[in-house]
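Written below as structure tokens is the structure these notes are about.
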DNA sequence: CTCCGATCCTGATGGC
DNA sequence: TGCCATCAGGATCGGA
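Residue numbers (this note's numbering): 1 to 271.
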């Protein structure tokens, strides 16, 4: 479900719900874990700590307290919502705050992750330590893409989705950014020119920013924490549009599986 | 080391 | 209507 724009909107939604300043009463776990076991012991030490800020790093949400970070990854189908009382199938975690606010983590496919660690361990944390550049930060440039890709024989599509190189770009935005940059997704990453890398960096940033503004993309079940759907899916140029005419040139859009993920492009515009 | 397929899990969808 | 295969916004693991 969630790539960078969706996670960014979940973060905004959680802040809108009034999470900042809230003191933890307890964290209730409704099963043993998701992709990994829940940090039940650490959750006890979190009690009494207050949420100072909520950050996004890559596709991870970070709830910052005085001494800890609580890390949440949404996997494919994870979502946070304010608990209005009804218990849904696939609700797995409930954060109880002293004010009475409760946040519920819901995740049918259970690919999500929850972790808690000391603030001093931020750079050592197993989920965060190998992450690449944030595409919305200054360090992410055409030169960064160019230099990091020189020895890569895999496709530019898989390069874009590799979180050790660039974070936050998933299957939708990889196809959209490559269309924007007029680069065929099957191209070998190491053979992208310096000019193309520059174009691609700008496209990744532009697509992600536009998607954030649109509230993310809702294809099936994505909702931000206010229950709102995103609308960027109405602006897709290629994703999920195989067989339809290219908006730029009218050529029939193609699709095929690249490293296990369905990929969409215009065979005429993208080279 | 790099690359890619298999894998985790549930639910929606489409073909027969 | 029912059954089965396929696919889905992610990321890790292990074999080649």
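Idealized CB from N, CA, C, for every residue including glycine.
Quick check on the DSSP output: the beta strand (DSSP E) that includes residue i runs from which residue to which?
i	result
residue 263	261–265
residue 62	60–64
residue 257	254–258
residue 118	113–118
residue 68	68–73
residue 55	53–57
residue 127	Residue 127 -> no beta strand (DSSP E), and no H or E assigned at all.
residue 76	It is not in any beta strand (DSSP E) - residue 76 carries neither H nor E in the DSSP assignment.
residue 93	91–97
residue 103	102–106
Any idea what DSSP makes of residue i, helix, strand or coil?
i	result
residue 151	coil
residue 289	The structure shown has nothing for residue 289, since the chain only spans 1 to 271.
residue 133	strand
residue 186	coil
residue 245	strand
residue 158	helix
residue 236	coil
residue 28	strand
residue 20	coil
residue 145	helix
What do you reckon, is the C-beta of residue i under 7 Å from a heavy atom of the ligand FMN?
i	result
residue 260	You won't find the ligand FMN in this model; it holds no ligand whatsoever.
Thinking C-beta only, is residue j closer than 8 Å to residue i?
i	j	result
residue 27	residue 155	no
residue 92	residue 30	yes
residue 198	residue 217	no
residue 63	residue 51	yes
residue 106	residue 79	yes
residue 73	residue 10	no
residue 98	residue 23	yes
residue 58	residue 167	yes
residue 83	residue 61	no
residue 136	residue 205	yes
residue 70	residue 101	no
residue 146	residue 116	no
residue 253	residue 271	no
Span of the alpha helix (DSSP H) holding residue i?
i	result
residue 205	194–213
residue 6	4–16
residue 173	171–180
residue 41	40–45
Could you check how far apart the C-beta atoms of residue i and residue j are, in whole angstroms? I think they sit under 8 Å.
i	j	result
residue 178	residue 148	Not confirmed; about 16 Å, so no contact.
residue 13	residue 225	3 Å
residue 53	residue 20	7 Å
residue 183	residue 200	6 Å
residue 176	residue 237	6 Å
residue 81	residue 227	7 Å
Query raised in the report: Using 8 Å as the threshold, is the stretch 189–196 in touch with the stretch 205–222, meaning 3 or more CB pairs across them?
Result: Segments in contact, no.
Query raised in the report: Using 8 Å as the threshold, is the stretch 81–88 in touch with the stretch 127–134, meaning 3 or more CB pairs across them?
Result: Taking 8 Å as the limit for Cβ pairs, the verdict is that the stretch 127–134 does not touch the stretch 81–88.
Requested in this report: State whether the stretch 160–176 contacts the stretch 220–240, with contact taken as three or more CB pairs (one from each stretch) at a distance under 8 Å.
Outcome: Taking 8 Å as the limit for Cβ pairs, the verdict is that the stretch 220–240 does touch the stretch 160–176.
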